[in-house]
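Enquirer:
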Amino acid sequence: MKKFWRSGMIDKKVIEKRKQDDYMNKLHRTILELSIKPPEPEPWYRHPEMRALLDRIDD
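End of the sequence shown sits at 59 in the UniProt record's numbering; the numbers just go up one at a time, nothing left out.
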């Protein structure tokens, strides 16, 4: 009977360790995704419509 009890305990420990590893991997992926910076917007003076407006104002 001890053998079965111990093997069940090992299974529980393995399952718990696997859950913990999965959680850590998910957390790590989330941190990496959040640490990626979004691309910076193009400056307004480079936008074609704004350039056309500025050209009209200068004339």
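Glycine included, every Cβ here is placed at the ideal spot set by N, Cα and C. This one's a predicted model, so the numbers in the text were calculated from it and none came from an experiment.
Output the distance between the C-alpha atoms of R51 and E40, rounded to the nearest integer angstrom.
Expert: 19 Å
Enquirer: Provide the residue span of the alpha helix (DSSP H) that contains I36, from first to last.
Expert: Counting along the chain, I36 falls outside any alpha helix (DSSP H), and DSSP gives it neither H nor E.
Enquirer: At which residues does the alpha helix (DSSP H) containing R51 begin and terminate?
Expert: 48–58
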